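In the UniProt record's numbering, the protein residues as written are 1 to 467. From the three backbone atoms N, C-alpha and C, an ideal C-beta is built for every residue, glycine too. These figures come from a predicted structure and were not determined experimentally. Worksheet: one structure, shown below.
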């Protein structure tokens, strides 16, 4: 096994075990969780009950194969209720016994069987593999049992299988387990929706990525599932899944869904990063694709900029989100230049009031290409009178020269800064003298020796303007 494969396996194992302490232990068999042993009170049920609880068979009853299997289930349930399954344990024969016993009308036995299966899905692919051929039987049991506790444990088994490896994940997909589960529970057992979401999240995390066909099927299910989700981690996880799929095929992004989450989650910052990621995908579209929701998206961005992102105290995490917003604004302005004034009427304007303290506060922003791409679009779309006012307020030439020195080792930023300076001087002649006074020619002389041809050409063009 190479290093990459080893790391992938370790990552998958960590995912499977993230909630082990809080989830698996809470689902281990407890006497406080009441289930009837049998649907019917019969002599046979009493015999099976004694076999399970007392591990004995009455003297007047012949010891048959079924009773022996119940003994085994009881033994395994005790063992894995106290201890974890070893990763090299051969589960094949135990799994066969489980599927001979389960779903025969004995809920306590069903619960024991499911707990054993759940313990088998945790250690390794070796312990998971024998379960795969019985996935349809598990789904059948899920659809038929009346107990949500048992339904939930089935979902835990599916979830762990989906996280184990791509073979197990693909088996879950081949049998269309997520779609079938949704159809069963969306009208009757909505409290299980978060558990279904975890299956989808684990499917998306398992490498290599699922096929394009399955990605389309999963994102369609996400649109249906999302309104039912309650847990924050599941909402965030499904948004991340949608983002991952839409990054590969942007056309799968549903504008109505995006519009809905911007409206319904406008007062929450818990999923801000995920929502911004989806809006960024949208911003790469032609405007006619999102024009009907443009105002709602813009209002959401403005709200977040003013209330959350630019409020005076900034950590690196928030600054990275600001960079994402700047990238979105840049793309949207290219499609609709009138949006410049919407963006400048937000706290974004503080990023133009440049000084050393601001540079220190927003270090992550001023060392990122997104700020300069946004700045360029602003300058590019201002007319001469508007640019003159902008210059009076923010002294952009002085600012760009300081930032040029600050980012002297970043070629992409150097190119954008030079483009900004060139455009300002082309539109505003008075800025030429400011550039000269700020020793701008010295920077041009140094950058003329730059190995990048675009940097050299821009320097030559600016020299021509100065002359």
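Inset, instruction - Mind listing, in chain order, the continuous alpha helix (DSSP H) runs of no fewer than 4 residues lying wholly within the segment 211-299? - result: Qualifying alpha helix (DSSP H) stretches, in chain order: 212-225, 232-248, 255-264, 272-283 and 287-290.
Inset, instruction - Please report how far the alpha carbon of residue 445 lies from the alpha carbon of residue 259, in whole angstroms. - result: The sequence position of residue 445 within the chain shown is 445, counting from 1. The sequence position of residue 259 within the chain shown is 259, counting from 1. Rounded to whole angstroms, residue 445 to residue 259 spans 50 Å at the Cα level.
Inset, instruction - For the alpha helix (DSSP H) holding residue 440, just list the boundary residues, first then last. - result: Within the chain shown, the letter at position 440 stands for residue 440. 440-447 is the span of the alpha helix (DSSP H), which, as asked, contains residue 440.
Legend entry - Proximity to residue 163 [Cα-Cα], best of 125, 202 and 176: What you label residue 163 is simply residue 163 of the chain shown in a count that begins at 1. Of 125, 202 and 176, the residue nearest in Cα terms is 202.
Inset, instruction - Work out the CA separation of residue 111 and residue 471 for me, nearest whole Å. - result: No answer is possible for residue 471: it lies beyond the span of the chain, which begins at 1 and ends at 467.
Legend entry - residue 370 - DSSP class collapsed to helix/strand/coil: Along the chain shown, one-based indexing puts residue 370 at 370. Per DSSP, reduced to three states, the secondary structure at residue 370 is helical.
Inset, instruction - Starting from residue 460, trace the alpha helix (DSSP H) both ways and give me its first and last residue. - result: If you number the chain shown from 1, residue 460 lands on position 460. Note, residue 460: alpha helix (DSSP H), 453-466.
Inset, instruction - May I have the straight-line CA-CA distance separating residue 286 from residue 251, to the nearest angstrom? - result: Within the chain shown, numbered from 1, the residue matching residue 286 stands at position 286. Within the chain shown, numbered from 1, the residue matching residue 251 stands at position 251. Roughly 11 Å between the two C-alpha positions.
Inset, instruction - Identify, in the order they occur along the chain, each residue of the same chain with its Cβ nearer than 6 Å to the Cβ of residue 168, setting aside the five sequence neighbours on each side. - result: Position 168 of the chain shown, counted from the start, is the residue given in the question as residue 168. Setting aside the 5 residues that flank it on each side, residue 168 is surrounded in the same chain by 128 and 161, each with a C-beta closer than 6 Å to its C-beta; the list follows chain order.
Legend entry - 7 Å Cβ shell around residue 189 - same chain, five flanking residues per side excluded: As a first step, residue 189 must be located in the chain shown, where it is residue number 189. Taking residue 189 as the centre and dropping the five residues before and after it, the same chain places the C-beta of 148 and 151 closer than 7 Å to its C-beta, in chain order.
Legend entry - Proximity below 8 Å, CB of residue 374 to CB of residue 330: Within the chain shown, residue 374 is the residue found at index 374, counting from 1. Within the chain shown, residue 330 is the residue found at index 330, counting from 1. Going by C-beta atoms, residue 374 is nearer than 8 Å to residue 330.
Inset, instruction - Using three-state DSSP, classify residue 23 as helix, strand or coil. - result: Translated into positions along the chain shown, residue 23 becomes position 23. Caution applies to residue 23, whose pLDDT of 48 falls short of 50 and renders its modelled position unreliable; the value that the coordinates give is listed next. In the structure shown, residue 23 adopts helical secondary structure according to DSSP, grouped into three states.
Inset, instruction - Could you tell me whether the segment 353-366 touches the segment 288-308, where touching means 3 or more Cβ pairs closer than 8 Å? - result: Under the three-pair Cβ rule at 8 Å, the segment 353-366 does not count as touching the segment 288-308.
Legend entry - Beta-carbon spacing of residue 492, residue 114 below 8 Å: Nothing about residue 492 can be reported from this structure: the residues present for the chain run from 1 to 467 only.
Legend entry - Identity of the residue in 333, 77, 249 and 402 nearest residue 358 by Cα: Within the chain shown, residue 358 is the residue found at index 358, counting from 1. Answer by Cα proximity: 402.
Inset, instruction - Apply the 10 Å Cβ neighbour rule to residue 462 and answer buried if 16 or more other Cβ atoms are within range, or exposed otherwise. - result: Within the chain shown, numbered from 1, the residue matching residue 462 stands at position 462. Burial call: buried.
Legend entry - Span separating the alpha-carbon of residue 170 from that of residue 404: Residue mapping note: residue 170 aligns to position 170 of the chain shown, counting from 1. Residue mapping note: residue 404 aligns to position 404 of the chain shown, counting from 1. Distance between the alpha carbons of residue 170 and residue 404 is about 51 Å.
Inset, instruction - Report yes or no: do the segment 274-283 and the segment 238-252 share at least 3 C-beta pairs separated by less than 8 Å? - result: Contact holds between the segment 274-283 and the segment 238-252, because three or more Cβ pairs, one in each stretch, are under 8 Å apart.
Legend entry - Pick from 199, 71 and 213 that is closest to residue 225, judged by C-alpha positions: The residue given as residue 225 occupies position 225 in the chain shown. When each option's Cα is compared against that of residue 225, the closest is 199.
Inset, instruction - Alpha carbon to alpha carbon, how far is residue 346 from residue 298? Give it in angstroms, no decimals. - result: For this step, residue 298 is matched to residue 298 along the chain shown. For this step, residue 346 is matched to residue 346 along the chain shown. Each residue's alpha carbon lies about 11 Å from the other.
Inset, instruction - Report yes if the CB atom of residue 175 is closer than 8 Å to the CB atom of residue 135, and no otherwise. - result: For the purposes of this step, residue 175 is identified with residue 175 of the chain shown, where counting begins at 1. For the purposes of this step, residue 135 is identified with residue 135 of the chain shown, where counting begins at 1. Yes, they are a contact pair.
Inset, instruction - Find the nearest neighbour of residue 159 within the set 124, 144, 196 and 142, judged by alpha-carbon distance. - result: The sequence position of residue 159 within the chain shown is 159, counting from 1. Minimum Cα distance to residue 159 is reached at 196.
Legend entry - Inter-residue spacing [alpha-carbon to alpha-carbon] between residue 437 and residue 206: Taking the chain shown and counting its residues from 1, the one referred to as residue 437 is at position 437. Taking the chain shown and counting its residues from 1, the one referred to as residue 206 is at position 206. Distance between the alpha carbons of residue 437 and residue 206 is about 58 Å.
Legend entry - residue 283 burial status per 10 Å Cβ neighbour count (16 or more: buried): Position 283 of the chain shown holds residue 283. With 16 or more other Cβ atoms from the protein chains shown falling within 10 Å of its own Cβ, residue 283 counts as buried.
Legend entry - residue 408 in three-state terms, based on DSSP: The count along the chain shown starts at 1 and reaches residue 408 at position 408. Coil, per DSSP.
Inset, instruction - Find out if the Cβ-Cβ distance for the pair residue 181, residue 209 is shorter than 8 Å. - result: Within the chain shown, residue 181 is the residue found at index 181, counting from 1. Within the chain shown, residue 209 is the residue found at index 209, counting from 1. Contact flag unset, no.
Legend entry - DSSP three-state assignment for residue 125, whether helix, strand or coil: Along the chain shown, one-based indexing puts residue 125 at 125. Helix at residue 125.
Legend entry - Contact between the segment 406-418 and the segment 447-454 (3+ Cβ pairs under 8 Å): In the pairwise beta carbon analysis, the segment 406-418 is classified as touching the segment 447-454: at least three pairs are separated by under 8 Å.
Inset, instruction - State the Cα-Cα distance for the pair residue 396 and residue 254, rounded to the nearest angstrom. - result: Numbered from 1 along the chain shown, position 396 holds the residue referred to as residue 396. Numbered from 1 along the chain shown, position 254 holds the residue referred to as residue 254. Straight-line Cα distance between these residues: approximately 39 Å.
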